[in-house]
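The structure under discussion appears below in the form of structure tokens.
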Amino acid sequence: MEFLRELLSLSGVSGDESLVSGWLQKQILQRKGSWKVCPEIYSGENFHDAILLKFGTPRTAVFAHMDTIGFMVRYNNQLIPIGGPEFVEGAVLVGKDRLGDIRCRLIGSEDAMIYDFPRAIERGTRLTFEQDIRISPSFIQAAYLDNRLGVYNALQLCETLEHGWVVFTTYEEHGGGSVPFLLKFLQETAPVKQALISDITWITEGIRHHEGVVISLRDKFIPRRKFLDRILALAEQSKIPHQLEVEAYGGSDGREVQFSPYAIDWCFIGAAEDQVHSPDEKVSLGDLDSMISMYQYLMKEL
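So that you can map any letter, position 185 of the sequence shown is 587 in the working numbering, and since no number is skipped, the others follow by simple counting.
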């Protein structure tokens, strides 16, 4: 949990993921010697802030986006959303510009968000929800569980993975952007035909806490049924708690995979959260455990 606390404390709004990327690279370098297979690491300016890890001879790639939603300062105390943050009247926002640290309040309305701060904040400054991590025996609650838990799951997977790609992506919350060029590199280096999306989905009338990791049959986009059938058969075989999601909206890095020029099957698999894109996102620890176990199982079997 302390490792997860540190990850949750980092700011990484879409387009500004360098802090998270640097922290991840440090963790990978420190930990890779204890992993079952030591991966080849690809990072640096040619990949912007994304990181690719190649284990053995990959058959499947796992994608986990590092970025979060947030806000950008405009003019006259105005805020523009980055991604789709919830408007929570009075929520504390934090950030930093050239004049110093910022801790202000979110006020106004959903259609006209502004900040309450004693001075003008520099244009273009990114603000995030102030972090407040709460862990009980059954739940974890904090800002940015989407998608820090997906990143955490991918790092846990690295400990036992023998063959596969683990890819930490950027920009996902604000329309995507890094997956196309990462896929090109991946397919030219060690091509795969299937992908799993390590991300966090929603609690709905059909998806509940404590009933296992969610396997998404569709969101706004629809994976190929033949691949879904393989995933579902393996999930049943695993005996790991899971539930099936069918939604009409939402998207992930899976959209970028589907829209790419490569014939790669994909499936979104992740724990579900309540109070999405707010300072109080809430995930069952049991569902997170199921997510970690399911990825480790599937990456051996696919």
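Positions of the beta carbon are idealized from the N, C-alpha and C atoms, including for glycine. What you are looking at is a predicted structure, and each value in this text was computed from that prediction instead of being measured.
The beta carbons of residue 488 and residue 680 sit about 4 Å from each other, so the pair counts as a contact at 8 Å. In terms of CA proximity to residue 504, 475 leads the group 491, 475, 486 and 510. Residue 701 and residue 571 do not touch by the CB rule: their CB atoms are close to 18 Å apart, not below 8 Å. Put simply, the segment 510-523 does not touch the segment 671-685. Fewer than three CB pairs are less than 8 Å apart. Between residue 550 and residue 409, the C-beta spacing is below 8 Å.
For residue 427 and residue 453, the gap between their C-alpha atoms comes out near 8 Å. Distance between residue 695 and residue 596, taken at the CA atoms: about 19 Å. According to DSSP, residue pairing for residue 644 in a beta bridge involves 615.
DSSP lists 473 as the bridge partner or partners of residue 483. A straight line joining the alpha-carbon of residue 622 with that of residue 575 spans about 15 Å. Residue 693 is classed as buried because its beta carbon has at least 16 other beta carbons within 10 Å across all chains shown.
A residue is called buried when at least 16 other Cβ atoms come within 10 angstroms of its Cβ; residue 684 meets this threshold and is buried. The DSSP-derived three-state label of residue 548 is helix. Within the same chain, Cβ atoms closer than 7 Å to the Cβ of residue 658 are found at 578, 581 and 582, the five residues on either side in sequence being excluded.
CA-CA distance, residue 498 to residue 413, rounds to 11 Å.
Short of 6 Å from the beta carbon of residue 492, and not among the five residues preceding or following it, lie these beta carbons of its own chain, in chain order: 507. Distance from residue 540 to residue 646 at the Cβ level is roughly 22 Å; contact not present, criterion being Cβ atoms closer than 8 Å. Where residue 425 is concerned, the enclosing alpha helix (DSSP H) starts and stops at 420-433.
DSSP places residue 403 outside both helix and strand once states are collapsed to three, so it counts as coil. Counting along the chain, the unbroken alpha helix (DSSP H) around residue 657 starts and ends at 655-661.
In the assembly as shown, residue 556 is a buried residue. Its beta-carbon has 16 or more other beta-carbons within 10 Å. A buried status is given to residue 566, since no fewer than 16 other beta-carbon atoms sit within 10 Å of its beta-carbon. Excluding sequence positions up to five before and after residue 479, its CB lies within less than 6 Å of the CB of 516 and 517, all in the same chain and listed in chain order.
Rounded to the nearest whole angstrom, the C-alpha separation of residue 411 and residue 495 is 13 Å. By the C-beta density criterion, residue 594 is buried, having at least 16 other C-beta atoms within 10 angstroms. In the DSSP annotation of this structure, the continuous segment of the beta strand (DSSP E) that includes residue 465 starts and ends at 462-467.
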